[in-house]
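Enquirer:
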Amino acid sequence: MITSLAINNYRSILNLIIPLGPLNVITGPNGTGKSNLYKALRLLSDTAQGGVVNSLAREGGLSSTYWAGPEKISNRMKKGVVPVQGSPLQAVKRLRLGFATQDYGYSISLGLPTPSRSKFSLDPEIKREVIWAGGFYRPASSLVDRNGSAVKLRKGRRWEVVAQHLNSFDSLFDQIADPGVAPEVFHMRELIRRWRFYDHFRTDADAPARKPQLGTRTPVLHHDGRDLAAALQTIREIGDPDVLDHAIADAFPGARVSVMPHEDGRFSIEFFQHGLLRPLTGAELSDGTLRYLLLIAALLTPRPPSLMVLNEPETSLHPDLLPALARLIIRISKVTQVWVVSHSNRLIAALNRDPGCHAIELEKVLGQSEVKGLSMLDEPPWYWPDKA
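Going by this note's numbering, the first residue of the sequence shown is number 421, and it counts up by one from there.
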């Protein structure tokens, strides 16, 4: 389980170190930085997928994603005694992302390249990557250290250089993930790859989830829901069918869902409701009903991720469905760490009733995203390797 998340110099986030629990609910008014926090977590996940530099480029590059305010915001600025103004940079500008579990931690620092004639001279470069043992970085706890193009591994009491010409756009996860050579890198890469994000289920009239789909075992629902029927049938056969039936009945009393196989090998959904003489097909379902079935299929996966992230799951749902959704999320958080970004007061209130829920309410202070009520004493210990 991730115990702490750290972000430095990303969009509206100057410096944020957040403790995390089994169930985390990210809230706050519009414009406080919920989307930026979510995007930062996506960027971290891209390090293990070979795409962190490309993802930053799609966001406009470092010039667009860097924190746009002053390097330091003084107490006098916060009190309005002096205007907010910049000063000469006292440190090299870096975008830093990192997280830690109880056993291991990882951080990455990205910056602009040195001036050159290359047409890719605006591409971000990976300047530093470190994997360490324990909940926070200390030089003595460092296990893998990438500095520029060189990577070294700790072997007992000495360091061994395993790469000297790593491309500036490649993460160490792309090049050094042999479990026989660097088990720590392999372990961390696989941990991050097991993070799962759901933020764009399609429920429009042409959504693939409404149509017959290829019927093959699907332990993990696609991020847009295109294999919903197969995912539901997989849960019924190798997952927990009783929990599936209960989740549907909890939201839609008297209802049940079955999957109809076609002769050509495709599957389609049949939604039975009390009082109707025939089942509804996927094409007939309302956006809210279809979205709820997608959420059920995502949450009840027979292959749970190490972290599941739901971005505004309340979209298109009737408020009366939110208590049932909260109960399902709470149930899943007992076996999988869950992160929920939400605007819905009703969903937030229902989730907060669980003792394991960790509420993270964001606010803006002089353009900077902060966690409301989180003092320095509440922050988990954190040290950036290139600032230590």
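C-beta atoms are modelled at their ideal positions from N, C-alpha and C, and glycine is treated no differently. Keep in mind the model is a prediction, meaning the values are calculated, not measured.
1) Kindly indicate which three-state DSSP category Arg-558 falls into: helix, strand or coil?
2) From Pro-801, Pro-739, Ala-560, pick the residue whose C-alpha is nearest to that of Arg-577; which is it?
3) Quick check: what's the CA-CA separation for His-620 versus Met-796?
4) May I ask you to list the residues that DSSP assigns as paired with Val-761?
5) Looking at the unbroken alpha helix (DSSP H) that takes in Ser-475, where does it start and where does it end?
6) Quick one: any contact between the stretch 782–801 and the stretch 426–437, if contact means 3 or more CB pairs under 8 angstroms?
7) Consult DSSP for Lys-459 and reduce its assignment to one of helix, strand or coil.
8) Have a look at Lys-572 and Arg-566 and give me their C-alpha separation to the nearest angstrom.
9) By Cβ distance, which residues of its chain are closer than 7 angstroms to Thr-623, with the 5 residues on each side in sequence left out?
10) What's the gap between the Cα of Ser-527 and the Cα of Leu-700?
11) From Leu-714 to Asn-474, what distance separates their C-alpha atoms?
12) Which of the three DSSP states is assigned to Tyr-583 in this structure?
13) Does DSSP put Phe-595 in a helix, a strand or coil?
14) Rounded to whole angstroms, what's the CA-CA distance from Leu-742 to Arg-766? Just pull it up for me.
15) Our contact map puts Leu-726 next to Trp-552 with C-beta atoms below 8 angstroms; I'd like the distance itself, whole angstroms only.
16) Check Gln-633 in the structure and name its three-state DSSP category.
17) Is the stretch 660–675 close to the stretch 637–651, with three or more CB pairs under 8 angstroms?
18) Determine the closest residue to Glu-783 out of Ala-627, Asn-450, Asn-444, with distance taken between C-alpha atoms.
19) Between Asp-543 and Ala-468, is the Cβ-Cβ spacing less than 8 angstroms?
20) Measure from the alpha carbon of Asn-587 to the alpha carbon of each residue in Ile-546, Val-601, Pro-603, then state which is nearest.
21) Which same chain residues, not among the five before or five after Trp-579, have their C-beta less than 6 angstroms away from its C-beta?
22) By Cβ distance below 7 angstroms, which residues in the same chain neighbour Gly-481 in space, the five residues on each side in sequence not counted?
23) Out of Thr-452, Pro-442, Val-445, point me to the one whose CA is closest to Gln-788's CA.
24) Since Ser-753 contacts Pro-442 with CB under 8 angstroms, what's their CB separation in whole angstroms?
25) Going by DSSP in three states, Ala-791 sits in which element: helix, strand or coil?
26) Between Glu-549, Pro-628, Phe-556, which lies nearest to Val-605 when the distance is taken from Cα to Cα?
Expert: In short, the structure shows the following:
1) The count along the sequence shown starts at 1 and reaches residue 558 at position 138. Three-state DSSP puts Arg-558 in coil, outside helix and strand.
2) In the sequence shown, the residue the question calls residue 577 occupies position 157. Checked all of Pro-801, Pro-739, Ala-560; the closest Cα to Arg-577 is Ala-560.
3) Taking the sequence shown and counting its residues from 1, one reaches residue 620 at position 200. Taking the sequence shown and counting its residues from 1, one reaches residue 796 at position 376. The C-alpha of Met-796 is placed about 35 angstroms away from the C-alpha of His-620.
4) Taking the sequence shown and counting its residues from 1, one reaches residue 761 at position 341. In DSSP, Val-761 forms a bridge with Ile-446, Asn-731.
5) If you number the sequence shown from 1, residue 475 lands on position 55. Here the alpha helix (DSSP H) through Ser-475 covers 472–478.
6) The stretch 782–801 makes contact with the stretch 426–437: 3 or more CB pairs, one atom from each, lie closer than 8 angstroms.
7) Your numbering for residue 459 matches position 39 in the sequence shown. Residue state, collapsed to three classes: helix.
8) One-based indexing of the sequence shown puts residue 572 at position 152. One-based indexing of the sequence shown puts residue 566 at position 146. Going from the Cα of Lys-572 to the Cα of Arg-566 covers about 6 angstroms.
9) Sequence index remark: in the sequence shown, residue 623 carries index 203 (1-based). Excluding positions up to five away in sequence, the list reads Asp-707, Leu-710, Arg-711, Ser-736.
10) Taking the sequence shown and counting its residues from 1, the one referred to as residue 527 is at position 107. Taking the sequence shown and counting its residues from 1, the one referred to as residue 700 is at position 280. Approximately 49 angstroms, taken between the alpha carbons.
11) For the purposes of this step, residue 714 is taken as the residue at position 294 of the sequence shown. For the purposes of this step, residue 474 is taken as the residue at position 54 of the sequence shown. Those two C-alpha atoms are separated by around 29 angstroms.
12) Position 163 of the sequence shown holds residue 583. According to the sequence displayed, residue 583 carries Ala and not Tyr. Of the three classes helix, strand and coil, the one that applies to Ala-583 here is strand, per DSSP.
13) Numbered from its first residue, the sequence shown carries residue 595 at position 175. Just to set this straight, residue 595 is Gln in the shown sequence, not Phe. Looking at Gln-595 - three-state DSSP - the assignment turns out to be helix.
14) Here residue 742 is taken as the residue at index 322 of the sequence shown, counted from 1. Here residue 766 is taken as the residue at index 346 of the sequence shown, counted from 1. Distance between the alpha carbons of Leu-742 and Arg-766 is about 7 angstroms.
15) Here residue 726 refers to the residue found at position 306 of the sequence shown. Here residue 552 refers to the residue found at position 132 of the sequence shown. It is Ser, not Leu, that sits at residue 726 in the sequence shown. With 8 angstroms as the limit, Ser-726 and Trp-552 do not qualify as a contact, their Cβ atoms being about 18 angstroms apart.
16) Residue 633 sits at position 213 when you count from the first residue of the sequence shown. Gln-633: strand per DSSP, three-state reduction.
17) Judged by Cβ distances under 8 angstroms, the stretch 660–675 makes no contact with the stretch 637–651, as fewer than three pairs qualify.
18) The residue labelled residue 783 in the question sits at position 363 within the sequence shown. Of Ala-627, Asn-450, Asn-444, the residue nearest in Cα terms is Asn-450.
19) To locate residue 543, count along the sequence shown from 1; it is residue 123. To locate residue 468, count along the sequence shown from 1; it is residue 48. No. Outside cutoff.
20) Indexing the sequence shown from 1 puts residue 587 at position 167. Comparing Cα-Cα distances from Asn-587 to each of Ile-546, Val-601, Pro-603, the minimum goes to Ile-546.
21) Within the sequence shown, residue 579 is the residue found at index 159, counting from 1. If we look at Trp-579 and ignore the five residues flanking it on each side, its Cβ neighbours are Lys-572.
22) Your numbering for residue 481 matches position 61 in the sequence shown. Same-chain partners within the cutoff: Leu-542, Pro-544.
23) As a working mapping, residue 788 is identified with position 368 in the sequence shown. Looking at the Cα atoms, Thr-452 is the closest of the given residues.
24) For the purposes of this step, residue 753 is taken as residue 333 along the sequence shown, with counting starting at 1. For the purposes of this step, residue 442 is taken as residue 22 along the sequence shown, with counting starting at 1. Contact holds; Cβ gap of about 5 angstroms.
25) To locate residue 791, count along the sequence shown from 1; it is residue 371. For the sequence presented, residue 791 should be read as Val rather than Ala. Three-state result, Val-791: strand.
26) As a first step, residue 605 must be located in the sequence shown, where it is residue number 185. Checking every option, the nearest Cα to that of Val-605 belongs to Glu-549.
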